[in-house]
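Residue numbers (UniProt numbering): 1 to 166.
The C-beta atom is built at its ideal place from N, Cα and C for all residues, glycine as well.
To start, the structure itself, in C-alpha cells.
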Amino acid sequence: MTSPKQANLVATVADTHTREFLVFSLGSEEYAIDILKAQEIRSYENVTRIANTPNFIKGVTNLRGVIVPIVDLRVKFHFERVEYGGQTVVIVVNVEGRVVGVVVDGVSDVISLSPEQIKPAPEFSLSLSSDYLSGLASIGERMLVLVDIDKLLTSEEMALVEKTVA
Numbered sequence: 001m002t003s004p005k006q007a008n009l010v011a012t013v014a015d016t017h018t019r020e021f022l023v024f025s026l027g028s029e030e031y032a033i034d035i036l037k038a039q040e041i042r043s044y045e046n047v048t049r050i051a052n053t054p055n056f057i058k059g060v061t062n063l064r065g066v067i068v069p070i071v072d073l074r075v076k077f078h079f080e081r082v083e084y085g086g087q088t089v090v091i092v093v094n095v096e097g098r099v100v101g102v103v104v105d106g107v108s109d110v111i112s113l114s115p116e117q118i119k120p121a122p123e124f125s126l127s128l129s130s131d132y133l134s135g136l137a138s139i140g141e142r143m144l145v146l147v148d149i150d151k152l153l154t155s156e157e158m159a160l161v162e163k164t165v166a
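Below you can see the structure in the form of C-alpha cells.
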C-alpha cells in the first residue's frame, strides 16, 4: 500500500508526462499538433504562388524577412475545398529549422493529454499514408487526430518546395 506522500509523488511524475497540443479544425474534424512546434498563429493572407509545386502548397509569404512556404492541410489530406473565411488561420510551425505556415479552418484551444489518453493511429491501405499520424485522443465526445507535424512536413514533397523557393 502506498502512503499519501508516495501517491502525490507518483501523481506529480505522471503529470510531467502530459503534453500540450494545439487543437485546430479542418472541416468538421479536429486535429492537434504538439504546441511546442507552433511559433505563432496568423490570419490568412494572400500568398505568392510558385510554379511547379505540389497543389497543397498554396505559395509563399514573407514573414519578417523569411520566405515561408504555406501548406493547405485540407488539400494535403484530400479534403473537399473550403472557401477561406474569417476563421481561416495560418499556424506558423518550426520543423527541423524550417519555418512553414499551415492553413487550417480555425484554432479552438490548447489541451493537455497524458500518454494514457493517446491511442495508436490505425493502419490504412497503401493509398492513404498514416505515417504522419501520431495517434488519436478521445476527450468526452471529442475525437482528436494527433498529427506528427515533423513527419508531415519533412516529406520529399516539402524538399521539392525548398528547392523551388531557394
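For Ile120, which residues in the same chain have their Cβ closer than 7 Å to its Cβ, ignoring the five residues on either side in sequence?
In the sequence shown, the residue the question calls residue 120 occupies position 120. The sequence given here places Pro at residue 120; Ile does not occur at that position. If we look at Pro120 and ignore the five residues flanking it on each side, its Cβ neighbours are Gly135.
Would you mind reading off the limits of the alpha helix (DSSP H) that contains Lys37?
Walking along the sequence shown from the start, residue 37 turns up at place 37. Where Lys37 is concerned, there is no enclosing alpha helix (DSSP H), given that its DSSP letter is neither H nor E.
Please classify Thr61 as buried or exposed, where buried requires at least 16 other C-beta atoms within 10 Å of its C-beta.
If you number the sequence shown from 1, residue 61 lands on position 61. Buried is the call here.
Please name the residue, chosen from Leu113, Ile111 and Val71, that lies closest to Val100 on a Cα-to-Cα basis.
Your numbering for residue 100 matches position 100 in the sequence shown. With distances taken between Cα atoms, Val100 lies closest to Val71.
Between the Cα of Asp109 and those of Leu144, Val93 and Leu133, spot the shortest distance and give me the residue it belongs to.
Counting from 1 along the sequence shown, the entry for residue 109 is found at position 109. Of Leu144, Val93 and Leu133, the residue nearest in Cα terms is Leu144.
Note down the Cα distance separating Ser138 from Val82, rounded to an integer number of angstroms.
Translated into the one-based positions of the sequence shown, residue 138 becomes position 138. Translated into the one-based positions of the sequence shown, residue 82 becomes position 82. Spanning the two alpha carbons is a distance of roughly 26 Å.
Excluding sequence positions up to five away, which residues of its chain have a Cβ less than 6 Å from the Cβ of Lys58?
Here the question's residue 58 lines up with position 58 in the sequence shown. Excluding sequence neighbours, Lys58 sits near Val47, Ile70 and Asp72.
Per DSSP, Glu30 is paired with what?
Along the sequence shown, read from residue 1 onward, the residue named residue 30 stands at position 30. Note: Glu30 sits in a beta bridge opposite Ser25 and Leu144.
Among residues of its own chain, excluding the 5 on either side of Glu45, which ones have a beta-carbon nearer than 7 Å to its beta-carbon?
Against the sequence shown, residue 45 aligns to sequence position 45. Excluding positions up to five away in sequence, the list reads Thr61.
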